[in-house]
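For reference, each letter of the sequence shown is one residue, going -19 to -1, 1 to 290 in mature numbering (1 follows the signal peptide of the UniProt record, and there is no 0). Even for Gly, the Cβ is constructed at its ideal location relative to N, Cα and C. A quick note: this is a predicted structure, and the numbers were derived from the prediction, not measured.
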Amino acid sequence: MRFLFTSILSILLVSVSHAQTNVIDGHEYIDMGLPSGTLWATCNIGAESSIDFGDYFAWGETEPKEEYTNENYKFFEGYKEIPGVAYYMLCTNIGENICGTEYDAARVKWGGRWRLPTFEEVGELVRLCWHKWEEVDGIWGTRFHHGANENTLFLPAAGYADTYLGQTYRNQNWKGYCWTGTLHRAEGDHDDHISEAKDIDYDSGSVGRSSSVRTIGLPIRPVINLKETGIDDIEYKQTIRIAYHNGSIELSSIANCDHIDILNIYGQKVLSSSVTAKNIDVPQFSKGIYICTLTKKGKSIYTQKIIIK
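What follows is the structure, encoded as structure tokens:
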């Protein structure tokens, strides 16, 4: 009996331990092995699962509401006319980056280290992940897969909230958006023209980074990064460059890497090799898109897409 009790207790402890390995500060996350170390929450704020739309927030507000208009936006200040041209909305400047601040609904609602993603972290999804428009239990959305492991991130097409003509919720199950914590400033705009913020948007045809008027309601998918060092915008500022030429992968430098993994468009690993030279023969590769990840001592240091034509 004692052996049986001990065995059952061991199983329970293992189960509990396993269940908590993907929970931080009370909320589940997905580790896709992104180079930045960013961990994405499994669901939106106010949602119970990855396919639930959850709550909608105007940018910088920390509570959902029944209607979303310019005039009931907490930081609305009025309108300013450009003589003979047009007018634009004036909003309070609450910061260029509100991640982790009192204006961050993720930090206020979830606490701990959870926060809004930055525009750069969203760029990591857009530029370094495969993405597929798919339906899950009747809900359409985009699934992201980086390829470093089997984990994927699903963002439902929750549309947006903007109240007029008696209707508030729009484009649901057709197009998706999520806020970042980054303010949008267009080149040439007046200094006080700060009525938009950056977001990610996605539908059946594309995934991209854009901006939306701060007064509308968008879902928020929180992130957490245990490094909390942030990442540079993925403009490939790194010193290593990867190219394909005549059946060979060419690296600009091998000083800071010792291994390379290459995945095809289906997320299947087609090459895993130590790096000892700048040229790596891959004569068997067919035409298509591949993702190359360079690592050093098991730590990812650089990821890049290559296209073989």
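- In the DSSP assignment, L244 is bridged to K250 and I272.
- Distance from the CA atom of N206 to the CA atom of G228, rounded to whole angstroms, is 38 Å.
- The C-alpha of A236 is placed about 10 Å away from the C-alpha of A258.
- The C-alpha of F34 lies about 38 Å from the C-alpha of V66.
- In this structure, the CA atom of E9 is about 6 Å from the CA atom of N3.
- Scanning its chain for C-beta atoms nearer than 6 Å, with the 5 sequence neighbours on each side dropped, one finds around G128 the residues L244, G248 and I272, in chain order.
- Y158 is a Cβ neighbour of D180, given a cutoff of 9 Å.
- One Cα belongs to E102, the other to E131, and the distance between them is close to 20 Å.
- Sorting A138, R166 and T99 by C-alpha distance to the C-alpha of E116 places A138 at the top.
- Note: N25 is not bridge-paired with any residue in the DSSP secondary-structure output.
- With contact defined as three or more Cβ pairs closer than 8 Å, the region 190 to 205 and the region 23 to 43 are in contact.
- DSSP places V194 inside the beta strand (DSSP E), whose first and last residues are V188 to V194.
- For A22 and H240, the gap between their C-alpha atoms comes out near 29 Å.
- Sequence-distant Cβ neighbours of D262 in its own chain, meaning closer than 7 Å and more than five residues away, are G228 and S229.
- Considered as a whole, the region 5 to 83 harbours 8 to 11, 20 to 22, 57 to 63 and 67 to 72 as its complete beta strand (DSSP E) runs of no fewer than 3 residues, in chain order.
- The region 47 to 61 makes no contact with the region 94 to 101: fewer than 3 CB pairs, one atom from each, lie closer than 8 Å.
- Between F266 and T284, the alpha-carbon positions lie close to 18 Å from each other.
- Going by C-alpha positions, H165 is about 45 Å away from P264.
- Leaving aside the five residues that flank A178 on each side, the residues in its chain whose CB is nearer than 6 Å to its CB run, in chain order, W40, L164, H165 and R195.
- Under the three-state reduction of DSSP output, E168 falls in the coil class, being neither helix nor strand.
- Using a 10 angstroms sphere on the CB of P16, the tally of other CB atoms reaches 16 or more, which defines it as buried.
- Ranked by Cα distance from V188, the options R124, A142, S281 and Q153 are led by R124.
- Excluding five sequence positions before and after T276, the CB atoms of its chain that fall closer than 8 Å to its own CB belong to C238, D239, H240, I241, D242 and I282, given in chain order.
- Pairing C110 with S192, the inter-Cα distance amounts to about 20 Å.
- Rounded to whole angstroms, the separation of the alpha carbons of L136 and K156 is 10 Å.
- For K259, no alpha helix (DSSP H) segment is defined, and its DSSP state is neither H nor E.
- Every unbroken stretch of the beta strand (DSSP E) spanning 3 or more residues and falling wholly within the region 86 to 155 is given here in chain order: 111 to 117, 120 to 126, 134 to 137, 141 to 145 and 148 to 151.
- I26 counts as buried, since no fewer than 16 other beta carbons sit within 10 angstroms of its beta carbon.
- Per the DSSP secondary-structure output, A178 pairs in a beta bridge with L164 and S193.
- Counting C-beta atoms within 10 angstroms of its own C-beta, L134 has 16 or more neighbours from the protein chains shown and is therefore classed as buried.
- Counting along the chain, the unbroken beta strand (DSSP E) around L232 starts and ends at S229 to L232.
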